[in-house]
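I have placed the structure first, in the form of structure tokens, so that the comments after it can refer back to it.
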Amino acid sequence: MKKIGIIGIGNLLRKDDGIGIILLQQVQKKKFPATVECLDGGIGGMNLLHVLPRYESVIIIDAVDFHGTPGEWRYVSLQDIRRKKEIIPASTHETDFLNVLRLSEELQELPAHVFIFAVQPKDMTVGTTLSEELTSKLDTLELNLQKKIQERIKAKKL
Amino acid sequence: MSKDFSIHVEHVTRVEGHGNITLNVKNGSIEKLEWSVVEAPRFFEAMLRGQQFNELRPITSRICGICSIGHSLASLKATEDALGVKLSEQTELFRRLAIHAENMQSHILHIGYLVAPDLLGVGSVFPLIGSKHTDTVLKIVKLHRLANEMSDLICGRTIHPIRLVVGGFSMFPTEKQLVHLQKRLEEARSLTQELATVIHSVADKLPAFERETEYIALSTPKEYAFYDGDLTSTDTGTLKDYKKYQEITNEYLVPQSTAKYAKHHRDSYMVGALARFNLNSKQLHPAAQDVAKLFGLKAINYNPFMNTIAQLVEFMHNIEDSLQLIDTVLNQGIKDEKPVKPKVQAGRGVGLVEVPRGLLIHDYTLNSKGYCTKANCIIPTNQNHANIQKDMEKLVPEIINRPEKEIELTLEMLVRAYDPCISCSTHYLDVTFV
């Protein structure tokens, strides 16, 4: 059965960079239908390429610098995103997920619907706690993420 | 020929993390040549202090998205060494399978997605899709997928494994799953041979450069060492007491970088696939030896660009050795073993493993309640920085009369050959929403 994948990516050892994983841990405390799978993608990278074919829809939760205020969130589809610079594919070893999505598309394995729940980080230095800004907005972020997940579940039923 | 030029490569692409190359040439002579690492220094050791022994593995597995199995195993070995845990034969077999899976995962990523574009004359793997090389990319993806699924099967999860615990495994795969894996590994053997043929056809793009240096890796008469072995140098032989590893890995600071550097018997040394090959090539499986022969790779090889080829050789060895290990496991039958419960005690333990980029060491001191009071992690890439710098110092005068673009690309290729993992701990994105 094709599923909806909720994938958190980030590094719990880099403060706000771990927001994707922390939000995933929060939302997966609630029960979802069997068609939904929550996945801790860790630092992600090329490994994500191999989990994407499992799903028809994915929501990727990640720390993204979109020059917003810390803790601000955006929910966008893949089509909505345009890279600021010219894309340098596979620019780092831990290739960022936009390049992974591109390769997945080239391989004709990309899920039909890809959404990104992006949170503006503040502090990405080494440490295991979120910045004050993100900590104070954690409940709101979780609530909004839940809404988006439920919308996706409903959309699948239509 | 005397000329003036300068090259500054900020954030060398297709490597993990941020490293810069600076080269200034005046009147044909080098004024400045520097490999610098600009990542924020790591403080993982500080995070480990105050944690209980069974928390150390989950924390360290998040240091790196690629070497999370390697960090897990180094961490477990250090913890178990401190607590005097004796492991079952089954655990030792499965841990070897885990390390093969990770090595395959990382090597194919490096060979296929990061180095192949250099050899095929493109900027990245993406333009290769839809070109005459599509088939090669599909082979690479297939092999990478197999390695990931093997990690999943053995460790419970590809990224940041969960089944690897102090004293053993929290769960083992079933015999049926292993039989299936065996079949896929057999298929991978021929795919790897085909990939080796493709890479061989463009291997003349690898610069013919040599610099004698010291190579350090684990080594043991029993096997081609990954999981276990004695700390060994091509210059000075074996270090008897592994707990005195600092006699080899002398770390020091340099002004241009935030990462630590290391040296032993010479100004620099190299760790990684080429170092392992140079020390242990005789223990490779015959199919892996055949890959080495195809490229004319013989120990001791002093060309750092051949590190990628040594990775390909190791990839074949990982497949062959995994097939053999699975055979052993299936013949013995999988026992429903629970992890060995450690007796909590004070002590110091050191865990050494060979991870894709080379020697990795975790060193923990635990108090009588099993809490960590001191930790030290020696990361492979830090051991290679000085060697990269020394290679550049010999390489640049040899190619100084070539076009600037070619010099720049050759220097970048040199850095990439080491497969450095400068900062495995962030994946920060910078995008604009429209």
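If you're matching them up, the sequences are chains A and B in order. The working numbering puts the first residue of the first sequence at 1, with every later residue one more than the last. The working numbering puts the first residue of the second sequence at 1, with every later residue one more than the last. Think of the CB as a built atom: it goes at the ideal place given N, C-alpha and C, for glycine as much as any other residue.
- Query: From which residue to which residue does the alpha helix (DSSP H) around residue 455 (chain B) run?
  - Reply: Since the displayed chain B opens at 1 and closes at 434, residue 455 (chain B) lies outside it and no answer follows.
- Message: Would residue 409 (chain B) and residue 304 (chain B) qualify as a contact pair, given that the criterion is a beta-carbon distance under 8 Å?
- Response: Along the second sequence, read from residue 1 onward, the residue named residue 409 (chain B) stands at position 409. Along the second sequence, read from residue 1 onward, the residue named residue 304 (chain B) stands at position 304. No, the Cβ-Cβ distance between residue 409 (chain B) and residue 304 (chain B) is not below 8 Å.
- Near-chain A residues of the region 81-115 of chain B (beta-carbon distance less than 7 Å), N- to C-terminal order: 109, 113 and 114
- Query: Which of the three DSSP states, helix, strand or coil, is assigned to residue 3 (chain A)?
  - Reply: On the first sequence, position 3 is the one that residue 3 (chain A) refers to. It is a strand residue.
- Item | Collapsed DSSP secondary structure at residue 117 (chain A) in the structure displayed | Sequence index remark: in the first sequence, residue 117 (chain A) carries index 117 (1-based). Three-state DSSP puts residue 117 (chain A) in a strand.
- Query: By how many angstroms is the C-alpha of residue 307 (chain B) removed from the C-alpha of residue 19 (chain B)?
  - Reply: Reading the second sequence from its first residue, position 19 is the one you call residue 19 (chain B). Reading the second sequence from its first residue, position 307 is the one you call residue 307 (chain B). Roughly 19 Å separates the two Cα atoms.
- Item | Exposure label - residue 219 (chain B); buried when at least 16 CB within 10 Å | Taking the first residue of the second sequence as 1, we reach residue 219 (chain B) at position 219. With 16 or more Cβ atoms within 10 Å of its Cβ, residue 219 (chain B) is classed as buried.
- Item | Opposing strand residues paired with residue 59 (chain A) [DSSP bridges] | Looking up residue 59 (chain A) in the first sequence gives position 59. For residue 59 (chain A), which the question treats as bridged, DSSP gives the partners A:6 and A:115.
- Query: At a Cβ threshold of 8 Å, is residue 148 (chain B) touching chain A?
  - Reply: Here residue 148 (chain B) refers to the residue found at position 148 when the second sequence is read from its first residue. Answer yes: the Cβ-Cβ gap between residue 148 (chain B) and chain A drops below 8 Å somewhere.
- Pick out whichever of A:145, A:49 and A:116 has its Cα sitting closest to the Cα of residue 106 (chain A). The residue labelled residue 106 (chain A) in the question sits at position 106 within the first sequence. Of the listed residues, the one whose Cα sits closest to residue 106 (chain A) is A:49.
- Query: Which chain B residues sit within Cβ distance under 7 Å of residue 145 (chain A)?
  - Reply: Residue 145 (chain A) sits at position 145 when you count from the first residue of the first sequence. Ordered by position in chain B, no residue passes the 7 Å Cβ test against residue 145 (chain A), which lies about 17 Å from the chain.
- Task: Please classify residue 15 (chain A): is it buried, with 16 or more other beta-carbons within 10 angstroms of its beta-carbon, or exposed?
- Result: Looking up residue 15 (chain A) in the first sequence gives position 15. Buried.
- Task: Could you tell me whether any Cβ in chain A is nearer than 8 Å to the Cβ of residue 141 (chain B)?
- Result: Here residue 141 (chain B) refers to the residue found at position 141 when the second sequence is read from its first residue. Closer than 8 Å: yes.
- Taking Cβ to Cβ, would you say residue 52 (chain A) is nearer than 8 Å to residue 109 (chain A)? The residue labelled residue 52 (chain A) in the question sits at position 52 within the first sequence. The residue labelled residue 109 (chain A) in the question sits at position 109 within the first sequence. Yes, the Cβ-Cβ distance between residue 52 (chain A) and residue 109 (chain A) is below 8 Å.
- Using DSSP bridges, identify the partner residues of residue 169 (chain B). One-based indexing of the second sequence puts residue 169 (chain B) at position 169. According to DSSP, which records beta bridges pairwise, residue 169 (chain B) is partnered with B:164.
- Item | chain A contact for residue 53 (chain B) (CB, 8 Å cutoff) | Taking the second sequence and counting its residues from 1, one reaches residue 53 (chain B) at position 53. No, its Cβ sits nowhere closer than 8 Å to a Cβ of chain A.
- Can you check DSSP and say which residues form a bridge with residue 371 (chain B)? As a first step, residue 371 (chain B) must be located in the second sequence, where it is residue number 371. Beta-bridge pairing links residue 371 (chain B) to B:52.
- Task: Please decide whether residue 399 (chain B) counts as near chain A, where near means a Cβ-Cβ distance under 8 Å.
- Result: Residue numbering aside, residue 399 (chain B) sits at position 399 when the second sequence is read from its first letter. Answer no: the Cβ-Cβ gap between residue 399 (chain B) and chain A never drops below 8 Å.
- Are the C-beta atoms of residue 102 (chain A) and some chain B residue less than 8 Å apart? Indexing the first sequence from 1 puts residue 102 (chain A) at position 102. Interface residue, yes.
- Cβ of residue 62 (chain B) within 8 Å of any chain A Cβ: As a working note, residue 62 (chain B) is residue 62 in the second sequence. Chain A, which has a Cβ nearer than 8 Å to the Cβ of residue 62 (chain B), makes this yes.
- Query: Does DSSP classify residue 32 (chain B) as helix, strand or coil?
  - Reply: Numbered from its first residue, the second sequence carries residue 32 (chain B) at position 32. Three-state DSSP puts residue 32 (chain B) in a strand.
- Query: Got a sec, what are the start and stop residues for the beta strand (DSSP E) residue 74 (chain A) sits in?
  - Reply: Along the first sequence, one-based indexing puts residue 74 (chain A) at 74. Per DSSP, residue 74 (chain A) belongs to the beta strand (DSSP E) from 73-77.
- Item | Own chain, CB closer than 7 Å to residue 24 (chain A), minus 5 neighbours either side, in chain order | By one-based count along the first sequence, residue 24 (chain A) stands at place 24. If we look at residue 24 (chain A) and ignore the five residues flanking it on each side, its Cβ neighbours are 6, 8, 38, 40 and 61.
- Beta-carbon proximity of residue 315 (chain B) to residue 299 (chain B), cut-off 8 Å: Here residue 315 (chain B) is taken as the residue at index 315 of the second sequence, counted from 1. Here residue 299 (chain B) is taken as the residue at index 299 of the second sequence, counted from 1. No, the Cβ-Cβ distance between residue 315 (chain B) and residue 299 (chain B) is not below 8 Å.
- Task: Identify the contact partners of residue 13 (chain A) in chain B, using a Cβ-Cβ distance below 8 Å as the criterion.
- Result: Start at 1 with the first residue of the first sequence, and residue 13 (chain A) comes out as number 13. Neighbours of residue 13 (chain A) on chain B, chain order: 44, 47, 59, 62, 63 and 425.
- Query: What distance in whole Å lies between the Cβ atoms of residue 154 (chain B) and residue 449 (chain B), which are believed to be in contact at a cut-off of 8 Å?
  - Reply: With chain B running from 1 to 434 in the structure shown, residue 449 (chain B) is simply not present.
- Taking residue 135 (chain A) as the query, report the chain B residues whose CB atoms sit under 9 Å from its CB, ordered along the chain. On the first sequence, residue 135 (chain A) is found 135 positions in, with the first residue counted as 1. What residue 135 (chain A) touches in chain B: nothing, since even the nearest Cβ is about 18 Å away.
- Message: Nearest by alpha-carbon distance to residue 82 (chain B): which of B:53, B:209 and B:61 is it?
- Response: Working through the second sequence from its first residue, we reach residue 82 (chain B) at position 82. Out of B:53, B:209 and B:61, B:53 has the C-alpha closest to the C-alpha of residue 82 (chain B).
- Task: Answer with buried or exposed for residue 362 (chain B), where buried requires no fewer than 16 other C-beta atoms within 10 angstroms of its C-beta.
- Result: Numbered from its first residue, the second sequence carries residue 362 (chain B) at position 362. By the 10 Å Cβ count, residue 362 (chain B) comes out buried.
- N- and C-terminal bounds of the beta strand (DSSP E) containing residue 354 (chain B): Numbered from 1 along the second sequence, position 354 holds the residue referred to as residue 354 (chain B). Segment 347-355, the beta strand (DSSP E) holding residue 354 (chain B).
- Query: What number of angstroms, rounded off, separates the C-alpha of residue 418 (chain B) from the C-alpha of residue 245 (chain B)?
  - Reply: Locating residue 418 (chain B) in the second sequence gives position 418, where the first residue counts as 1. Locating residue 245 (chain B) in the second sequence gives position 245, where the first residue counts as 1. The alpha-carbon atoms of residue 418 (chain B) and residue 245 (chain B) are separated by roughly 22 Å.
- Item | Endpoints, alpha helix (DSSP H) assigned at residue 239 (chain B) | Here residue 239 (chain B) corresponds to residue number 239 of the second sequence, with the count starting at 1. Careful: residue 239 (chain B) lies outside any alpha helix (DSSP H) and carries neither H nor E.
- Task: Grab the span of the alpha helix (DSSP H) containing residue 313 (chain B) for me, first residue to last.
- Result: Locating residue 313 (chain B) in the second sequence gives position 313, counting from the first residue. Residues 307-332.
- Message: Does chain A have any CB closer than 8 Å to the CB of residue 163 (chain B)?
- Response: Numbered from its first residue, the second sequence carries residue 163 (chain B) at position 163. Chain A, which has no Cβ nearer than 8 Å to the Cβ of residue 163 (chain B), makes this no.
- Answer with yes or no whether the minimum CB distance from residue 429 (chain B) to chain A is below 8 Å. Start at 1 with the first residue of the second sequence, and residue 429 (chain B) comes out as number 429. A caution first: residue 429 (chain B) carries a pLDDT of 38, below 50, which makes its placement in the model unreliable, though a value can still be read off. Judged by the 8 Å Cβ criterion, residue 429 (chain B) is in contact with chain A.
- Item | 7 Å Cβ cut-off: residues of chain B touching residue 106 (chain A) | Within the first sequence, numbered from 1, the residue matching residue 106 (chain A) stands at position 106. What residue 106 (chain A) touches in chain B: 126 and 129.
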